[in-house]
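*Asks:* Before anything else, here's the structure in question.
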Amino acid sequence: MNDGVNSIDSLIRKLEHLKTRIVFDSRYPMISLVFRHIVPYFSSKRQIFVVYSDTMCRRLENIFSLIKEESVEVADILEEANIIKIGLSSDIPFGSLYGHIPYEEPEDIFSGLRDTLMKLDSDDLLIFYGTHLIPALYGSSVLSDVMRLFDALPKGITLFTPVPKGINEKRVDNIITRFYDVILKISKEENIMCLDEETYLIGVMQSYIKNIPPGFSRFRVRRDGKLVKA
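For any residue, its number in this note's numbering is found by taking its place in the sequence shown, counting from 1, and adding 97.
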């Protein structure tokens, strides 16, 4: 175990061209990490969001409304993003519709998504949002489809997938973890007597990359929505 994370941006810098899973037990710091750090840090890349369900799209719409109040710069980046929507409608929360995949059987959804993702470039930023619901709903029956989806991703693409802690059964979760290079973890810290604000432990829980060792540091969310060391 190393001494922890020096800064969020120094950690994100190391995650370029890797597949990273973000396991969180609190949405607030996860939103900060994804939208106030990852999105602006990779602003030079073409950004593609894969969004599963109209419910998750509505959540993203709420997040976008908040982002517009906090940072015009980030809002402008999101307006240039591309959305691959899996759901009933083709409505999207921001950016441009890159592709719409209607609700079908899981194998058909994965087939359509796989065909779309194979056309992406290795220098793109890809963010899966809400896709954790598919294995949560269908269990181990979709694991082979998930594996083929990851196999189809362009080599070197930068991927982030936020996933709520405990959403999948343990066996399914253990297998999906193997598809990623790095597993980040965000956990809300128990109240500390000397602090009057919420703090979170953020860092690398598991890594297959030599220069990204496990380690955590304590962070808080600043008023402007950014994460800073506590």
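Think of the CB as a built atom: it goes at the ideal place given N, C-alpha and C, for glycine as much as any other residue.
1. Are Tyr-138 and Asp-173 closer than 8 Å when you measure CB to CB?
2. Under the three-state reduction of DSSP, which class applies to Asn-179: helix, strand or coil?
3. Once you ignore the five residues that flank Ile-164 on each side, which residues in its own chain have a CB closer than 7 Å to its CB?
4. Taking C-alpha atoms, which residue in Gly-300, Leu-230 and Arg-143 lies nearest to Val-243?
5. To the nearest angstrom, how far is it from the Cα of Arg-270 to the Cα of Val-260?
6. Using the rule of at least 16 other Cβ atoms within 10 Å of the residue's Cβ for burial, across every protein chain shown, is Tyr-330 buried or exposed?
7. Would you call Leu-234 buried or exposed, if buried means 16 or more other Cβ atoms sit within 10 Å of its Cβ?
8. Once DSSP output is grouped into helix, strand and coil, what is the label at Asn-99?
9. Suppose you measure from the CA of Asn-99 to the CA of Ser-140; what does that come to, to the nearest Å?
10. Tell me which same chain residues have a C-beta within less than 6 Å of the C-beta of Thr-258, skipping the five on either side of it?
11. Give me, in chain order, the residues of the same chain whose beta-carbon lies closer than 6 Å to that of Glu-266; leave out the 5 immediate sequence neighbours on both sides.
12. Quick check: the Cα distance between Met-302 and Tyr-125, rounded to an integer number of angstroms?
13. Is the Cβ-Cβ distance between Glu-158 and Pro-190 less than 8 Å?
14. Quick check for students: name the residue ranges of the alpha helix (DSSP H) that lie wholly in the region 212-289, counting only runs of 4 or more.
15. Is Ser-187 closer than 8 Å to Leu-194 when the C-beta atoms are compared?
16. Just to confirm before moving on: does the CB-CB distance between Lys-116 and Val-148 stay below 8 Å?
17. Per DSSP, which residues does His-197 bridge with? Please list them.
18. Output the distance between the C-alpha atoms of Met-246 and Ile-264, rounded to the nearest integer angstrom.
*Replies:* Well, looking at it:
1. The criterion of a C-beta distance shorter than 8 Å is not satisfied by Tyr-138 and Asp-173.
2. Strand, per DSSP.
3. Around Ile-164: Phe-132, Val-171, Ala-172 and Leu-175.
4. Closest option to Val-243, judged by alpha-carbon separation, among Gly-300, Leu-230 and Arg-143: Leu-230.
5. A small fix is needed here, since residue 270 is Asp in this sequence, not Arg. Taking the straight line joining both Cα atoms gives about 10 Å.
6. This structure does not reach residue 330, given that the chain is present from 98 up to 327, and the question cannot be answered.
7. Classification for Leu-234: exposed.
8. Since pLDDT at Asn-99 reaches only 47, below the 50 mark, its modelled position is unreliable, and no value is offered.
9. Interpretation of Asn-99 is limited by its pLDDT of 47, a score under 50 that renders its predicted location unreliable; the figure taken from the coordinates is listed afterwards. Rounded to the nearest angstrom, the two C-alpha atoms are 29 Å apart.
10. Closer than 6 Å at the Cβ level, and outside the excluded window around Thr-258, lie Arg-118 and Phe-225.
11. Once the five neighbours on either side are set aside, Glu-266 has no close Cβ partner at all.
12. The straight-line gap from Cα to Cα measures roughly 19 Å.
13. Taking 8 Å as the Cβ cut-off, Glu-158 and Pro-190 qualify as a contacting pair.
14. The alpha helix (DSSP H) runs lying completely inside the region 212-289 and spanning 4 residues or more are 230-235, 240-249 and 267-274, given in chain order.
15. Going by C-beta atoms, Leu-194 is nearer than 8 Å to Ser-187.
16. With a cutoff of 8 Å on beta-carbon distance, Lys-116 and Val-148 are scored as not near each other.
17. For His-197, the beta-bridge partners assigned by DSSP are Lys-182.
18. The question names Met, yet the displayed sequence has Leu at residue 246. In this structure, the CA atom of Leu-246 is about 20 Å from the CA atom of Ile-264.
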